[in-house]
Every structure is written in structure tokens, then in C-alpha cells.
Amino acid sequence: MLRAAQAGRAPQLGGQAQLVARNCAAGQGRRIETSVGLTLDWDADLWGELASTEAAAAARLGESEALQRATRLSIAALTARAYVAWREALVDRTQLADAIALQRGVARVVQVSGATAD
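Residue numbers for the sequence shown follow our numbering, beginning at 2 and rising by one.
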């Protein structure tokens with residue numbers, strides 16, 4: 002959009018070529034007509050409309066780039082948060098396995114001491 006707005010402020014060059022063949026009356030053959038046109042157009046932008054359009058397009062481009070950077074940053078933050086949560090889950094799993102092993106050990110000691118007390 003910015004390039005299109007900038008192009009609107011530049012001179013515009015256009016061309017046109019036309020070839021027309023017509024049959025003439027009473028067997029006089031064909032008549033071929035050709036025409037070529039060239040146009041040069043440039044807007045002086047006296048009221049600043051083109052400059053305003055270009056400035057708005059530049060602002061939209063900047064906004065789009067900022068949104069893209071924010072999206073990348075957000076994705077990186079979410080990825081880091083998920084990684085930390087995964088590492089915490091691994092630590093919790095290890096601690097839980099240790100606690101279960103400890104409880105089993107305590108249960109064996111209780112069983113042994115209960116059996117010897119009888």
C-alpha cells in the first residue's frame with residue numbers, strides 16, 4: 002500500500018495503440034486506420050491529498066510491523082512459559098516418585114516393626 006501511495010505521487014506515463022481494418026463499400030478493398038497515443042500525467046498535489054495518503058500508508062506499515070514484532074514476542078513468551086511449566090512438571094514428577102518411594106519404605110518399616118511386636 003505504501004508503494005502504491007508513493008507511485009501516486011510520481012509522474013504516470015501511459016500509451017495506447019490501435020489498429021482498425023474496415024471494409025470499404027462497393028469492392029474498394031479494405032481501409033486500415035491506425036492511431037497511437039501517449040499520455041503523461043502528474044498530480045501537483047496542491048491540497049496534500051497524495052501526501053496524506055502516503056503518510057497514512059506509512060503509518061499502517063509501521064503499525065503492521067509493530068504488530069508483527071509484538072506477535073513474535075508473545076509467541077516467544079508463551080513458549081518460554083510452557084517450557085518452564087514443563088520443567089516444573091518434571092521436578093514435581095521426580096519429587097512425587099521420591100515421596101512414593103519414601104512412603105513405601107516407611108510402610109515396610111511399619112510392617113516389620115508391627116510383625117516383631119506381635
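C-beta atoms are modelled at their ideal positions from N, C-alpha and C, and glycine is treated no differently. On a predicted model such as this, the values are computed, not experimentally measured, just so you know.
Residues that DSSP places opposite residue i in a beta bridge
| i | result |
| --- | --- |
| L91 | Paired residue(s): none; L91 is not in a bridge. |
| T40 | G15 |
| A22 | I33 |
Residue i versus residue j: straight-line alpha-carbon distance, rounded
| i | j | result |
| --- | --- | --- |
| W43 | A5 | 15 Å |
| L68 | Q7 | 23 Å |
| W87 | G115 | 41 Å |
| R73 | V92 | 29 Å |
| V110 | L97 | 20 Å |
| L62 | A18 | 38 Å |
| T35 | V21 | 6 Å |
Nearest-angstrom beta carbon gap, residue j and residue i [assumed within contact, 8 Å]
| i | j | result |
| --- | --- | --- |
| L39 | G16 | 5 Å |
| L14 | A59 | That pair is no contact at about 25 Å. |
Under the three-state DSSP convention, the category residue i falls into
| i | result |
| --- | --- |
| L97 | helix |
Segments of 3+ residues assigned as beta strand (DSSP E) that fall wholly inside the region 27-82: 31-42
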